[in-house]
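Residue numbers (the working numbering), protein chains in the order written: chain A, 1 to 209; chain B, 1 to 195. Ideal placement from N, C-alpha and C gives every residue a C-beta, glycine not left out. Quantities reported herein were computed from a predicted structural model and do not represent experimental measurements. Step one of this worksheet: look at the structure below.
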């Protein structure tokens, strides 16, 4: 009787352990989402490019900086765990200045009767983000002791936050776009003036607002 | 007596396994860290003269593995096909200006739209195996995804379409600004694929 009880207890204990161990193995999810794809025909004359770099660091929350119960608990856990967990990441984002040639109308180009001079009114310079590096640069990485490694999803979340802040910075600080716009205007004027000169035409250029 | 000894050893074994398990869970427990994000820096600003005729944006699933570790993610890739007009050669054929369409540039980036890169799952085939991917491993996976996407761009004829559109647009633009007829020739309508 005692033997049977002990055997049963052992079996239950083993089953409990096996269940808890298997729970740490994550199962792949099958996300139900529709993938988006679009191809666009455009007529853009790209006249300037800008590269912006953004850097972020990962560090522990200090107990003195922790706010709320959850952060305090995390800061406490980080303080208990032996080791360090510090990293720095960066990546580049790209902007371009362009002239939308689809906004150019025949009325914007007027050639003099003798064919020696031309008035060209170009559409306003527009600026857009073209994308960011898919890769991320690891500038620094020091995870020691019992601290957990920085994983792909943590880096992805950090990149998402960096991207949000960068776009906000560009939107709030016109210095970024005005520098690019000025450079782009100069390039457009140089190109069209030189092209006209090679044809024996004196080209005068202005931009729409 | 013997049964008691077996029981003692089994309990000890179970306790050891539990301690190991808890230690692994403790080490891998999610860590709440602070993020300090620096101000953006302009690292390059340069003039350009490029004609862009095709733009694309596409959600791409990423499914890869290194050994027994697996990753499933989703990325939104955006890009365009452009032509550097500063490098376009010109010559005269009678009174016609002949412009030779330069090689295309296919630029592919991760989009800056919110949620353009999302790690959906990472797992290990081995029980208690690590699910972590280093930055270098993840970058390698992403590089392969972009290389495959570039191949697809050529295979689907996007480059051929971009070159045909560029020739037409360039003819139109330069003819409007010239007293002589302009002809744009394309020496490689299928493009210049560089694997």
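Residues bridged to residue i (per DSSP)
i                      : result
residue 94 of chain A  : A:51 and A:131
residue 39 of chain A  : B:56
residue 83 of chain B  : B:51 and B:104
residue 220 of chain A : Because chain A in this structure spans residues 1 to 209, residue 220 of chain A falls outside the shown range and cannot be described.
residue 122 of chain A : A:207
residue 82 of chain A  : For residue 82 of chain A, which the question treats as bridged, DSSP gives no partner whatsoever.
residue 170 of chain A : Paired residues: none, contrary to the question.
residue 61 of chain B  : B:74
Under 8 Å by beta carbon: chain B residues contacting residue i
i                      : result
residue 92 of chain A  : 43
residue 51 of chain A  : 42, 43, 44 and 45
residue 136 of chain A : 135, 138 and 139
residue 156 of chain A : 73, 117, 118 and 119
Any chain A beta carbon closer than 9 Å to residue i
i                      : result
residue 5 of chain B   : no
residue 196 of chain B : Outside the shown range of chain B, which is 1 to 195, sits residue 196 of chain B, and nothing can be said about it.
residue 191 of chain B : no
residue 95 of chain B  : no
residue 247 of chain B : Outside the shown range of chain B (1 to 195) lies residue 247 of chain B, about which nothing can therefore be said.
residue 219 of chain B : Any answer about residue 219 of chain B is impossible in this case: the structure gives chain B only from 1 up to 195.
residue 122 of chain B : yes
residue 188 of chain B : no
As assigned by DSSP and simplified to three states, the class of residue i
i                      : result
residue 186 of chain B : coil
residue 161 of chain B : helix
residue 64 of chain A  : coil
residue 102 of chain B : coil
residue 21 of chain B  : helix
residue 76 of chain B  : strand
residue 112 of chain B : coil
residue 88 of chain A  : strand
residue 124 of chain B : strand
residue 150 of chain A : coil
residue 59 of chain A  : strand
residue 74 of chain A  : helix
residue 130 of chain B : coil
residue 198 of chain A : helix
Contact with chain B by residue i, beta-carbon distance below 9 Å
i                      : result
residue 33 of chain A  : Note that residue 33 of chain A has pLDDT 49, beneath the 50 cutoff, so the model's placement of it is unreliable and the number below is only indicative. Yes - at least one Cβ of chain B is within 9 Å of the one on residue 33 of chain A.
residue 85 of chain A  : yes
residue 152 of chain A : yes
residue 124 of chain A : no
residue 207 of chain A : no
residue 172 of chain A : no
residue 119 of chain A : no
residue 54 of chain A  : yes
Proximal chain B residues relative to residue i, where beta-carbon distance stays under 9 Å
i                      : result
residue 76 of chain A  : Within 9 Å Cβ-Cβ: nothing; residue 76 of chain A doesn't reach chain B, min ~10 Å.
residue 161 of chain A : 35 and 37
residue 164 of chain A : 114
residue 184 of chain A : 47 and 48
Neighbour list for residue i in chain B, Cβ cutoff strictly below 7 Å
i                     : result
residue 47 of chain A : 47, 48 and 49
Cβ separation of residue i and residue j, assumed to be a contact under 8 Å, to the nearest whole Å
i                      : j                      : result
residue 207 of chain A : residue 122 of chain A : 5 Å
residue 107 of chain B : residue 79 of chain B  : 5 Å
residue 132 of chain A : residue 109 of chain B : 6 Å
residue 93 of chain A  : residue 180 of chain A : Contact doesn't hold; Cβ gap of about 13 Å is too wide.
Residue i: contacting residues in chain A (beta-carbon distance under 7 Å)
i                      : result
residue 176 of chain B : 109
Residue i Cβ short of 8 Å to the ligand GTP heavy atom set
i                      : result
residue 134 of chain B : Annotation note on the ligand GTP: not contained in the displayed structure, which lists no ligands.
Contacts of residue i in chain A (Cβ-Cβ under 9 Å)
i                      : result
residue 53 of chain B  : 41, 42, 43 and 44
residue 173 of chain B : 43, 45, 101 and 104
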